DNA sequence: TTTTGTGCAAAAGGTTTGCATACGA
DNA sequence: TCGTATGCAAACCTTTTGCACAAAA
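Residue numbers (the numbering used here), protein chains in the order written: chain D, 126 to 273; chain F, 126 to 273.
#1: Considering only C-alpha positions, which residue in the set F:164, F:129 and F:143 is nearest to residue 153 of chain F?
#2: What residue range is occupied by the uninterrupted alpha helix (DSSP H) comprising residue 137 of chain D?
#3: Provide the residue span of the beta strand (DSSP E) that contains residue 253 of chain D, from first to last.
#4: Expressed to the nearest angstrom, what Euclidean distance is found between the alpha-carbon atoms of residue 216 of chain D and residue 157 of chain D?
#5: Report back the beta-carbon spacing between residue 164 of chain F and residue 184 of chain F to the nearest angstrom; my notes put them in contact at under 8 Å.
#6: Please tell me whether residue 208 of chain F and residue 196 of chain F are closer than 8 Å, where the distance is taken between their beta carbons.
#7: Give me, in chain order, the residues of the same chain whose beta-carbon lies closer than 6 Å to that of residue 272 of chain F; leave out the 5 immediate sequence neighbours on both sides.
#8: Who are the neighbours of residue 263 of chain D on chain F, taking C-beta pairs under 9 Å?
#9: Looking at the C-beta of residue 252 of chain D, does it have a partner C-beta in chain F at a distance below 8 Å?
#10: Listed in chain order, which residues of the stretch 191-219 of chain F have Cβ atoms closer than 8 Å to some Cβ of chain D?
#11: CA-CA distance, residue 142 of chain D and residue 171 of chain D?
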């Protein structure tokens, strides 16, 4: 998360990717922000600092980073694809109500394979859909009669 | 799945939806085909039978059906939203390689809640991402040295 | 120097919207 | 009849593409 300029540059070169200022900015942003931004959000931030970064280049950079394994693409049902630099195996939780996304520490889904009788399929990861803590609390508040 | 015209019509009226020929066609298609078509696929089929069905109306109809609980909207990470008339609780499996979607019989995800320490979140359903049986087999074939 | 990456602008899906018209209850 | 649904076309949002130009190794 706290990578230096040299480290970021090296990790790009190691994978055969030239270290351009645009790629550097995109990767640095993802390393600094452990959220799950969309390409548009990344473009917004990066472009504000250097207006010479186009939307197409953000997409190009993201694809290059995903291709090299430095970044992971996450499609969780929202309108836009999201990206994260958290590349260790993990699951995701998505809140149906607020759309919030949370990383879930990895656990073997073996029990699920068993539960669903899916012994011949191989499971890579899970997406858990439901209500996050704040939304559960918010709903309780409304349903307990506090109208005003 | 084998609903008569009268039954489909009645289920629409029961929920305060007018039974227009377009809505009828959309709902009938979803009841007949237990797959997970996109709006565009539905429009293609319905429009072929009655060219007077516009794209916008297919979207309107789908939203009305989803709003009334007759149809479920499924966002599984593909490019387009998918729809299904299978409204009983169930999970989904999505193949990373071929994009195929399978319904998974419902099971309580309680074990998962426990595994991930997410006691205060409420889980509605799971999306399992991985490789389906055919794709697992296909990959084995390629990796076992059969080049030609 | 040579290859790879970039900016721009246009286009391609998927989906929504505004408004006059048509149709179901 | 009356109010809701529909068709059309245009707009919107996310993402991709083609091509001339710029920059990294």
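The beta-carbon is built from N, C-alpha and C at its ideal position, and this holds for glycine as well. Being a predicted model, the structure only gives us computed values, none of them experimental.
Here's the rundown:
#1: The residue you call residue 153 of chain F lines up with position 28 of the second chain. For the residues F:164, F:129 and F:143, the minimum Cα distance to residue 153 of chain F belongs to F:129.
#2: Taking the first residue of the first chain as 1, we reach residue 137 of chain D at position 12. 130-139 is the span of the alpha helix (DSSP H), which, as asked, contains residue 137 of chain D.
#3: Taking the first chain and counting its residues from 1, the one referred to as residue 253 of chain D is at position 128. First-last of the beta strand (DSSP E) with residue 253 of chain D: 247-256.
#4: On the first chain, position 91 is the one that residue 216 of chain D refers to. On the first chain, position 32 is the one that residue 157 of chain D refers to. Cα to Cα, residue 216 of chain D sits roughly 20 Å from residue 157 of chain D.
#5: Translated into positions along the second chain, residue 164 of chain F becomes position 39. Translated into positions along the second chain, residue 184 of chain F becomes position 59. About 6 Å; that satisfies the 8 Å criterion.
#6: Indexing the second chain from 1 puts residue 208 of chain F at position 83. Indexing the second chain from 1 puts residue 196 of chain F at position 71. Cβ atoms of residue 208 of chain F and residue 196 of chain F: closer than 8 Å.
#7: In the second chain, counting from the first residue as 1, residue 272 of chain F sits at position 147. Confidence at residue 272 of chain F is low in this model, with a pLDDT of 49, below 50, so the placement of that residue should be treated as unreliable; the coordinate-derived value is given next. There are no such residues.
#8: Mapped onto the first chain, residue 263 of chain D falls at position 138. The contacting residues do not exist; residue 263 of chain D stays about 12 Å from chain F at best.
#9: Position 127 of the first chain holds residue 252 of chain D. So, interface residue.
#10: 200, 201, 202, 203, 216 and 218
#11: Stepping through the first chain from its first residue, residue 142 of chain D is reached at position 17. Stepping through the first chain from its first residue, residue 171 of chain D is reached at position 46. One C-alpha to the other measures close to 19 Å.
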